[in-house]
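K.L.:
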Amino acid sequence: MKIRPKNNCCSGSSNFVDVGAFSIPSKKTLEIRWTRLVVDEKTCPRCGNTETELMKAYETLKQSLSSLKIEVVLKKSEISLEEFKRNPLVSNQIWINGKLLEDWLNLSAGKSPCCDVCGPNDCRTIEINGKSLEVIPAELIVKASLFALKDIL
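Numbering (this note's numbering), first residue to last: 899 to 1051.
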């Protein structure tokens, strides 16, 4: 957190609020956006399990960052079967402050066969240490979010 004396030449900046003799940053936002395929209100087990992990990460971040005046916003979006057929790798994407999770962590996306609503299409995975993760764990979501914080603090 940036704290600076109130009499600093730039103390009129709208990015800071006055607290006693110091100014601290006003409330910031960490936005997590998740996209997945939904057909007839169903998704595949891979995305369903990622959603469980995403909610764990969201609750952890929300609790941990509230004292720093950082609001954590979670946005879930659905893609149609038609969109999925055009580009299956957009399903199960997690964006943090406008940047893909794997970009924050210097990882790469991969693909592997899925099931259920995805049909015969390969679905998105995350490649880490020679392993292919079908479900994105909460720990990776939190870690990527912490990297994103450096841009807003």
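Quick reminder that beta carbons are idealized off the backbone N, C-alpha and C, glycines included.
For a test of the three-state rule: what should DSSP assign to serine 921, helix, strand or coil?
P.N.:
Here the model assigns serine 921 a pLDDT of 47, short of 50, so the residue's position is not dependable and the matter cannot be decided.
K.L.:
Assign alanine 1036 to one of two classes, buried (16 or more other C-beta atoms within 10 Å of its C-beta) or exposed (fewer than that).
P.N.:
Alanine 1036 should be labelled buried.
K.L.:
Straight-line CA distance for cysteine 908 to asparagine 990?
P.N.:
Unreliable placement is indicated for cysteine 908, whose pLDDT of 49 sits below 50; the coordinate value is still reported in the next sentence. Rounded to the nearest angstrom, the two C-alpha atoms are 43 Å apart.
K.L.:
Helix, strand or coil for threonine 950? Go by DSSP, reduced to three states.
P.N.:
Three-state DSSP puts threonine 950 in a helix.
K.L.:
Taking the straight line between their C-alpha atoms, what separation do you get for leucine 1051 and leucine 966?
P.N.:
For leucine 1051 and leucine 966, the distance between alpha carbons rounds to 10 Å.
K.L.:
Does valine 1040 come out as helix, strand or coil in the three-state DSSP assignment?
P.N.:
Valine 1040: helix per DSSP, three-state reduction.
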